[in-house]
Each structure stands twice: as C-alpha cells, then as structure tokens.
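To start, the structure itself, in structure tokens.
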Amino acid sequence: MKTDTPTKQEEIIIDAEGQILGRLATRIAYTLMGKDKPSYERHELKPVPVKITNASKVKVSGQKQKQKIYTRFTGYPSGLKKRTYEEQLEKDPTEIIRTAVWGMLPKNKLRKQFIKYLTIEK
Numbered sequence: 001m002k003t004d005t006p007t008k009q010e011e012i013i014i015d016a017e018g019q020i021l022g023r024l025a026t027r028i029a030y031t032l033m034g035k036d037k038p039s040y041e042r043h044e045l046k047p048v049p050v051k052i053t054n055a056s057k058v059k060v061s062g063q064k065q066k067q068k069i070y071t072r073f074t075g076y077p078s079g080l081k082k083r084t085y086e087e088q089l090e091k092d093p094t095e096i097i098r099t100a101v102w103g104m105l106p107k108n109k110l111r112k113q114f115i116k117y118l119t120i121e122k
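Put into structure tokens, the structure is as follows:
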C-alpha cells in the first residue's frame with residue numbers, strides 16, 4: 001500500500017544568522033505546520049522537526065532593538081517582568097525566536113504540539 005507520508009523524518013536546519021526575526025519566524029511556523037508538504041491537512045499533526053542555529057545573531061528592523069518589550073508573569077502579585085529586546089538577547093536569545101514563532105502558530109489544540117518540534121541553539 002502506498003502512502004504519501006515519508007517513513008523517515010528529516011530534520012530541517014535553518015541558520016538564523018543575519019536574518020530578520022519576523023521573516024524567519026514566519027518561515028519556521030509555516031514549516032512546523034507542514035504547509036510546505038503536499039500532504040498538509042490543517043486538522044492533523046504531521047511533525048516536521050525544525051532546528052535553528054545561531055539564534056543570537058538574528059536581526060530586527062528599525063528601532064525595535066531598543067523599543068520592543070518582552071513581558072512575562074511570575075504568578076505572584078505584581079509579578080509582571082519586562083525586558084527589552086537587547087536584555088532578552090543577552091539573557092536568552094532562544095526565547096526571542098520561540099516567542100515570535102509561538103505568536104504565528106494557529107491558536108488551537110495543535111499549537112503546543114507544533115512547538116515541541118522546534119529546537120533552537122544559541
């Protein structure tokens with residue numbers, strides 16, 4: 001019986017060096033969802049492992065380097081923490097790409113499953 005799904009999963013490696021964050025995140029989200037495969041169906045998870053290298057060398061356009069703010073909540077009263085793009089880049093550059101891709105994935109049950117197939121290296 002013929003199947004249209006590959007038996008062996010190949011990992012897609014993307015180099016983030018010198019690429020603009022938004023365009024890179026769009027490409028990653030598109031690939032994670034499997035939209036570049038002919039067997040794409042929006043209600044099914046067809047895992048495609050994506051590996052990102054050189055996350056610390058990603059670029060942003062305009063004044064976003066100083067103006068973009070990442071927020072997170074610790075769970076405690078008045079526990080809203082804020083960091084600029086520059087501070088986040090020093091602390092954990094992988095979280096910049098993960099946050100951008102997370103925002104571009106569909107807001108449904110499969111979102112958490114898609115993000116599991118994303119690995120990012122500094």
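Number 81 in my numbering belongs to position 81 of the sequence shown; there are no gaps in the numbering.
Think of the CB as a built atom: it goes at the ideal place given N, C-alpha and C, for glycine as much as any other residue.
As the structure is a computational prediction, the values presented were derived from the model and not from experiment.
Handout entry: Cβ neighbours of ALA100 in the same chain (closer than 6 Å, five flanking residues each side left out)
Key = LEU21, ALA25
Handout entry: Start and end residues, alpha helix (DSSP H) containing LEU20
Key = The residue you asked about is not Leu; residue 20 is Ile in the sequence shown. Counting along the chain, ILE20 falls outside any alpha helix (DSSP H), and DSSP gives it neither H nor E.
Handout entry: Euclidean distance between Cα positions of GLN67 and GLU90
Key = 15 Å
Exercise for the section: Check the DSSP bridge columns for PHE73 and list the partner residues they point to. Expected result: LEU80
Practice task
Thinking LEU105 and LEU32 are a contact (beta carbons under 8 Å), I'd like their distance in whole angstroms, please.
Solution key: 7 Å
Handout entry: Integer Cβ distance of LEU55 from ILE120, believed to fall under 8 Å
Key = The residue asked about is misnamed: residue 55 is Ala in this sequence, not Leu. Right, the Cβ-Cβ distance comes to about 5 Å (below 8 Å), so this counts as a contact.
Handout entry: Beta-carbon spacing of THR71, LYS81 below 8 Å
Key = yes
Problem - Limits of the beta strand (DSSP E) - the one that LEU118 falls within - result: 118-120
Practice task
Would you mind working out which of GLU86, ALA29, PHE114 sits nearest VAL60, comparing C-alpha positions?
Solution key: GLU86
Handout entry: Sub-8 Å separation of THR53 and ALA16 beta-carbons
Key = yes
Exercise for the section: Figure out for me which residue from PRO77, ILE96, GLY103 has the closest Cα to the Cα of ARG83. Expected result: ILE96
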